[in-house]
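Under our numbering, think of the first position of the sequence shown as 806, with each following residue one higher. For every residue, glycine included, the Cβ atom is placed at its ideal position computed from N, Cα and C. Treat the numbers as computed from the prediction; the structure is a model and nothing was measured. So the structure is just underneath, and the comments pick up after that.
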Amino acid sequence: MSEQKTNWWRDAVIYQVYPRSFRDSNSDGIGDIPGAIQGLPYLAELGIDAIWLSPFYKTPNKDGGYDVADPRDVDPMFGTLADAESLIREAHAHGIKVIFDIVPNHFSSEHKWFQAALAAAPGSPERKRFHFYDGRGVDGNEPPNNWNSLFNGPSWTRVTETDGKLGQWYLHLFDSSQPDLNWENPDVMEDFKTTLRFWLDRGVDGFRIDVAHGLAKDEILKDHRDPDGLTKALRVDTTDMTKEERVSLLTDMPFFDRDGVHPIYKEWRKVIDEYDGDRMFVAEAYIYPTSRLARYVRPGELHQVFNFDFLLIEWDADAIKEAILRVFDELKEVGAPPTWALDNHDSPRVVSRLKREAKARALALIAHALPGSLYIYQGEELGLPDGDIAPEFRMDPAFIRSGGKDLGRDGARIPLPWSSAERNFGFSDGTSWLPQPANYKEFAIDIELKASDSFLHLYKKSLELRKNHLGLGGDAGITFQPAPSGVVYFKRPAGFALLANTTESPVKLQIDEPAKIIHQSQPGSSVEGNSVTLAGNTTIWLQS
Ligand code: GLC
Ligand code: CA
């Protein structure tokens, strides 16, 4: 094993704060860093080990802050640099580590480098920090290749040169306001090292790397054989595509998961290793096959990589068991801990995705009992569903660029309800940037704190047991036991066992030693000696 067991992040529970929607401290309707600081006592009480903050840097906010205009400054909408520094300090005072988001695939088009590139001539050093090329066809009217943006439409936009004429094109895998950086240019590496050090010097404990699989591109001037197919394959929209075709498209993407990303992370690792305090990187890499994820966490590279299985998984015992075993299998050679997540700011919330609260509660209890590190997206601990949002409030570039065909991700980004009786349920005294649905009232933190059967209490109890009593996040093994169809049954050390019934009906089964229920996703199950009656759509934790 390359890493020590003592690394805090190996079994940490990490809570994702989407600052814009967490808590507003100054009544402008937008969540901010001082608001995040105000929320720390709540998070400490919840029992998490670390927070990961989505971007709060200078931004024109065309993509929820993932369009960064200055990665070493805070956007006034979120506060000041001093606020970011106090957040680190205050979180540490609560025993909470702090992970920031770093966005290396692209800058905002408002970043000074891109503005300088626009003002400079084709072929200039300023342009070589991005991917600028002449167009094809008559007068260069056609983009340099046929790749699609992940947010719909072409991945190229044409600029107007300083003489007022239409000129070169630049590459953007995401929105046109997010020009991709050219990582073959050493300026880019230098600048990112400066950014890493900037925040490491201020005490940050780690970074979540946005689109970590995208930095290296192959054969930019070559057309892709099926760009629309690739777009669908990436969206898991495979209604008119065979599985083989999807796999073949995803295993050879010219702009994702190229070998060229790895030398970059080896350099970054050297930078973070200069610092004491057990700092870490976690990569967002949406790639296929998932066995390639282990390459990102080889010794000398990153510490963790997100595993998105549980964000997509069906409520199905075989699928769950297979996903768990696969992750361990894929990571065993590199010694990195697995990571688990049911939700994030880019996906439908788990309660809405599985359509039934009972299923989401039961899936959560499986995730909470697994070795490795657990990511919780704000509001997940309340069992928040996605909200319906009127079109005029939607601002996800995926919604805008598709002309509304793709609803986008705003439904999972609605501000948190803190207190049922207050305006905006306590999120803000002003006009919330995204209105909350009326039913968010019943999920408000004050209400859930009072109800002993709430989602919040389910999570609190899990985290408490997991960390302080059972050490479930630790590396120690997991052994699946034979079980009736539709049931997940595994054991962990020290007499711990988990049973999950993914069917609608109760199931009766025998366990090999008498045990008692110490935690359950909902009532209705019972154990007598070795005989268990497991209610439908339920997970129970057993201790013998
Ligand atoms: C990542 C972020 C997502 C963002 C995209 C482009 O996938 O999680 O929110 O839109 O990168 O930066
Ligand atoms: Ca605010």
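If you compare the alpha carbons of Lys1266, Pro1222, Asn1273 with that of Gln1241, the shortest gap goes to Pro1222. When Leu1277, Leu978, Pro1298 are compared, the shortest CA-CA separation from Pro1059 is found for Leu978. If you check the CB distance, Pro930 and Gly884 do not come in under 8 Å.
A contact between stretches requires three or more CB pairs, one per stretch, nearer than 8 Å, and the segment 873-889 fails this requirement with the segment 929-944.
A residue is called buried once 16 or more other Cβ atoms fall within 10 Å of its Cβ, and Ser830 is buried on that count.
In its chain, beyond the 5 residues on either side, Leu1147, Asp1148, Ala1165 have a beta carbon closer than 6 Å to the beta carbon of Val1155.
Between the C-alpha atoms of Gly1213 and Val1332 there is a straight-line separation of about 44 Å.
Per DSSP, reduced to three states, the secondary structure at Asn866 is coil, with no helix or strand assignment. Three or more beta-carbon pairs drawn from the segment 1294-1308 and the segment 1337-1349 are found closer than 8 Å, and the two stretches are therefore classed as touching. When beta bridges are read from the DSSP output, His1324 appears opposite Trp1346. Annotated three-state conformation of Asn1306 is strand, per DSSP. The segment 1280-1293 and the segment 1172-1183 touch, with no fewer than 3 CB-CB distances between them shorter than 8 Å. For Glu1089, the CB falls within less than 7 Å of some heavy atom of ligand 1. In this structure, Leu971 sits away from His936, with a CB-CB distance that is not shorter than 8 Å. According to the DSSP assignment, Ala1226 belongs to no beta strand (DSSP E), since it is labelled neither H nor E.
Counting only the Cα atoms, Gln983 lies some 36 Å from Glu1138. In the structure shown, Gln843 adopts helical secondary structure according to DSSP, grouped into three states. For a cut-off of 8 Å, the C-beta gap from Ser1336 to Lys1313 is around 7 Å, short enough to register as a contact.
The segment 1120-1129 and the segment 1077-1085 do not touch, with fewer than 3 CB-CB distances between them shorter than 8 Å. Taking the Cα of Thr1308 as reference, the smallest distance to any Cα among Pro1298, Ile1323, Glu1318, Gly1291 is reached at Gly1291. Counting the other Cβ atoms within 10 Å of the Cβ of Lys1296 gives 16 or more, which makes it buried. Contact holds between the segment 842-859 and the segment 884-903, because three or more Cβ pairs, one in each stretch, are under 8 Å apart.
Selection around ligand 2 by beta-carbon proximity, strictly under 6 Å to any non-hydrogen atom, yields Asp829, Ser830, Asn831, Asp833, Ile835, Asp837 in chain order. A heavy atom of ligand 1 is found nearer than 7 Å to the CB of Tyr871. Under DSSP, the beta-bridge partners assigned to Asp906 are Arg1013.
Contact between the segment 866-879 and the segment 957-971 is not established, with fewer than three Cβ pairs separated by less than 8 Å. Rounded to the nearest whole angstrom, the C-alpha separation of Glu1050 and Ile1118 is 21 Å. Every alpha helix (DSSP H) stretch that sits fully inside the segment 1164-1245 and reaches 4 residues is listed by chain position as 1202-1206.
Contact annotation: the segment 1127-1136 does not touch the segment 1227-1240, with fewer than three C-beta pairs closer than 8 Å. DSSP, read as helix, strand or coil, puts Gly1276 in coil. Remark: the C-beta of His1150 is in contact range of ligand 1, defined as less than 7 Å to any heavy atom. Boundaries of the beta strand (DSSP E) around Trp961: 961-965.
Under the DSSP assignment, Leu886 falls in the alpha helix (DSSP H) whose first and last residues are 886-898. In the three-state DSSP reduction, Leu1339 falls in the strand class (E or B). Distances between the C-beta of Asp1251 and the heavy atoms of ligand 1 are all 7 Å or more. Taking 8 Å as the cut-off, the Cβ atoms of Trp1073 and Leu1001 count as close.
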